[in-house]
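Protein chains in written order, with the working numbering: chain A, 5 to 404; chain B, 5 to 404.
Glycine included, every Cβ here is placed at the ideal spot set by N, Cα and C.
Note that the structure is predicted; figures quoted are calculated from it, not measured.
Each remark here refers to the structure printed beneath this line.
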């Protein structure tokens with residue numbers, strides 16, 4: 005039998021714990037607050053149906069053929085216009101690459117910028133998918149602690165002074181996954197200044213920022229970028245549908261050209277059919293109106309989960325109050341492990357995600373746990389938080 | 005301004021010459037025999053329309069959501085059944101991973117098996133997309149010369165005896181790109197024996213094999229694999245549509261598990277919408293009937309291009325007689341460069357692809373050039389070959 009030796013880069017890589025955990029939660033008697041998906045109720049299925057019909061009737065020869073690696077030009081144009089008009093991100097030249105989801109932006113940027121052994125600085129905790137990408141390139145990941153205002157920029161500066169071969173900084177500044185917090189304006193400014201000062205590119209991963217429930221969307225860091233240090237990772241997954249797999253990078257043309265070559269060797273081109281269909285969708289329908297519908301629905305769920313947390317959770321458990329996105333983060337008191345709580349709660353048929361999953365060092369003593377409010381129904385939010393509250397009480401009493 | 009240093013792995017990587025060359029051939033006065041795409045006339049747009057309608061009316065919540073990284077289970081089941089029944093490839097367990105096109109199989113397998121500096125053995129000439137993938141992982145590529153019966157297995161054996169750290173063998177055994185030749189049965193058997201003897205996995209890249217114009221499809225090497233040494237890369241791009249970006253790997257479950265983890269960090273999951281839609285398509289329609297339509301259309305074009313070559317080309321130019329696929333390969337006499345001919349012909353408004361493009365060392369003195377017959381019309385085949393014939397005459401006379 006084939007006795008293969010796995011490459012070194014794959015040795016440290018574990019299957020996504022969340023995806024593995026979702027197997028447990030496929031048990032229908034478990035109330036899951038563990039997911040990270042948008043709600044299927046909000047997919048614009050009818051409008052996509054119209055767009056798909058139009059594509060297959062009028063543009064099949066283009067939409068079913070290979071496309072250019074950079075992406076379908078009319079969709080690039082629409083992304084360019086939207087970001088310029090709405091968010092002040094000006095991309096007059098070849099600064100956009102359409103990708104197979106936002107994840108591929110992280111993958112391609114890392115591929116083009118980071119050698120094996122180089123350092124990537126990331127918020128800690130952070131998105132497991134990005135951490136696994138950095139691991140797959142054998143990067144040394146340095147985690148910068150988060151507080152409820154985002155990445156601790158004072159600690160970032162310290163790291164930049166001491167760490168060697170830093171090639172990339174990774175941040176989700178708005179409604180962060182897993183914490184739901186938003187980096188303050190002052191910290192954003194300082195982060196950008198440091199990137200310029202140390203000449204280090206920053207991935208601004210921004211899949212959630214338009215899902216803003218307490219006011220208009222925060223301006224992306226990319227909007228203040230006059231030097232090309234910000235690699236913006238955008239996505240249609242949370243505002244249209246993840247099943248269509250469409251994201252995009254906005255970055256200096258020279259880097260986009262490199263990422264395009266990297267993409268050629270990875271998957272030739274993005275799904276041409278949906279690049280054409282989403283261009284038609286954006287021309288015919290108002291994405292902003294659709295996003296407003298998502299916001300109304302998610303805002304209710306966020307508000308309700310915050311209410312339920314206040315009502316059911318022990319006051320020693322701290323939690324974030326996200327202005328948008330999909331997640332609320334809770335911190336147990338000192339000395340308690342989120343991983344232990346997760347196991348404890350799962351036995352009582354409610355699922356969260358333990359903080360260790362998002363920890364740069366996968367530290368099982370991480371005190372946090374993540375709750376999702378986009379997928380459960382209002383009733384599941386109430387029942388889930390109530391049971392979780394009982395678990396917390398019992399769990400903390402046992403600790404006392 | 006951002007002054008970034010590109011990672012070492014991207015330094016040697018050039019944009020796909022073919023894709024760059026296609027820019028020249030967008031000139032409408034140029035007759036292009038340079039493409040590599042299937043014909044848009046053959047896309048089953050009507051049937052895909054029906055499938056898409058069904059999906060969006062009845063399965064939108066699943067099809068527009070994230071899917072599991074392994075792929076949509078009903079589609080995996082259909083691929084499993086088709087390969088077992090028709091081609092004798094038996095995959096009782098978790099041996100299938102659905103990917104974003106066949107290219108991603110090559111990418112993920114290389115990621116999981118090849119360290120920087122390790123050796124990958126490839127047919128020479130070979131598919132530029134695969135060569136670029138190996139380059140992106142900083143592999144040492146050793147080319148094994150091809151003749152009109154496929155890879156020279158005697159030279160492969162010699163290489164296996166002398167080369168160090170060989171981690172992968174890459175072959176397109178059936179209707180090879182760029183040469184259009186098919187590896188003989190005896191060589192296939194010997195290749196598999198060598199893979200087992202030296203314990204080296206083989207990627208059998210097989211996007212064309214069902215497009216067989218001179219008899220039933222050749223049995224894949226994978227069908228004789230009892231030891232798990234063959235990583236089969238399948239694709240729907242040439243038999244349904246490349247724009248939907250669906251391919252698949254068939255390999256030992258242990259390797260598929262590793263490739264799945266690698267894929268999570270690359271793009272989370274394949275386009276869920278088309279995994280659901282193609283499952284519906286395969287259930288409702290006969291893919292075999294559709295392939296027969298493609299075969300009838302392409303066979304005519306192949307036959308006609310071979311006729312035109314016989315009629316117009318100087319007899320000193322050798323050419324393959326492909327039993328299927330999309331390409332015919334020509335070899336100029338000793339001392340002539342395909343690259344020089346390519347430039348010469350382009351000035352006279354007919355485009356081919358010079359052999360150097362597919363050469364492991366990108367050797368500009370490569371004597372070959374590739375012609376495509378799937379994209380041009382019958383009239384373009386006639387005119388293109390006639391002009392190319394005139395070019396060859398002039399070109400070879402100049403050389404005399």
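- The DSSP-derived three-state label of residue 249(A) is coil.
- Comparing C-alpha distances from residue 235(B) to each of 192(B), 201(B), 296(B), 172(B) shows the shortest one belongs to 172(B).
- Each residue's CA atom was taken as its position, placing residue 328(B) and residue 318(B) some 24 Å apart.
- Under the DSSP assignment, residue 175(B) falls in the beta strand (DSSP E) whose first and last residues are 170 to 175.
- Between the segment 106 to 116 of chain B and the segment 234 to 253 of chain B, the count of C-beta pairs closer than 8 Å reaches three or more; the two stretches touch.
- A contact between stretches requires three or more CB pairs, one per stretch, nearer than 8 Å, and the segment 351 to 365 of chain B fails this requirement with the segment 303 to 311 of chain B.
- When secondary structure is reduced to three states using DSSP, residue 35(A) falls in the strand class.
- Following the DSSP letters along the chain, one finds residue 350(B) inside the alpha helix (DSSP H) bounded by residues 342 to 351.
- A Cβ-Cβ contact shorter than 8 Å links residue 389(B) with residue 312(B).
- When beta bridges are read from the DSSP output, residue 236(B) appears opposite 208(B), 254(B).
- In its chain, beyond the 5 residues on either side, 70, 73 have a beta carbon closer than 8 Å to the beta carbon of residue 272(B).
- Here residue 323(B) is bridged, per DSSP, to 334(B).
- Contacts with chain B (Cβ-Cβ distance below 9 Å) from the segment 7 to 19 of chain A involve 7, 8, 9, 10, 11, 12, 13, 14, 17, 18, 19, listed in chain order.
- Three or more Cβ pairs closer than 8 Å define a contact, and the segment 87 to 104 of chain B meets that threshold against the segment 220 to 228 of chain B.
- Counting along the chain, residue 277(B) sits inside the alpha helix (DSSP H) bounded by residues 276 to 288.
- Each residue's CA atom was taken as its position, placing residue 385(B) and residue 309(B) some 6 Å apart.
- The beta carbon of residue 357(B) does not come within 8 Å of any beta carbon belonging to chain A, so the residue lies off that interface.
- For residue 113(A), DSSP records no beta bridge to any residue.
- Per the DSSP secondary-structure output, residue 124(B) pairs in a beta bridge with 145(B), 172(B).
- Comparing alpha-carbon positions, the option among 335(B), 316(B), 315(B), 330(B) lying closest to residue 322(B) turns out to be 335(B).
- Around the C-beta of residue 33(A), fewer than 16 other C-beta atoms lie within 10 Å, and the residue is accordingly described as exposed.
- Remark: three or more beta-carbon pairs, one from each stretch, lie closer than 8 Å, so the segment 53 to 65 of chain B and the segment 278 to 288 of chain B are flagged as touching.
- Between the alpha carbons of residue 179(B) and residue 269(A) lies a gap of roughly 21 Å.
- Cβ-Cβ distances below 7 Å link residue 367(B) to 360 in the same chain, with the five nearest sequence neighbours on each side left out; the list follows chain order.
- Residue 85(B) counts as exposed, since fewer than 16 other C-beta atoms from the protein chains shown sit within 10 angstroms of its C-beta.
- For residue 252(B), the closest of 61(B), 40(B), 105(B), 161(B) by C-alpha to C-alpha distance is 105(B).
- Secondary structure of residue 47(B) (DSSP, three-state): coil.
- In the structure shown, residue 17(A) falls within a coil segment according to DSSP collapsed to helix, strand and coil.
- Going by beta carbons, residue 144(B) and residue 121(B) fall inside the 8 Å limit.
- Residue 66(A) sits in a helix when the DSSP states are folded into three classes.
- Contacts with chain A at 8 Å (Cβ-Cβ) do not include residue 401(B).
- The beta carbon of residue 257(B) is closer than 8 Å to those of 97, 98, 99 in its chain, skipping five residues each way along the sequence.
- Along the segment 245 to 261 of chain B, going in chain order, the ones with a CB nearer than 7 Å to a CB of chain A are 245, 246, 247, 248, 249, 256, 259.
- From the listed residues 326(A), 332(A), 338(A), 394(A), the smallest Cα separation to residue 354(A) is found for 394(A).
- Not a single C-beta of chain A is nearer than 8 Å to the C-beta of residue 362(B).
- Around the beta-carbon of residue 201(B), fewer than 16 other beta-carbon atoms lie within 10 Å, marking it exposed.
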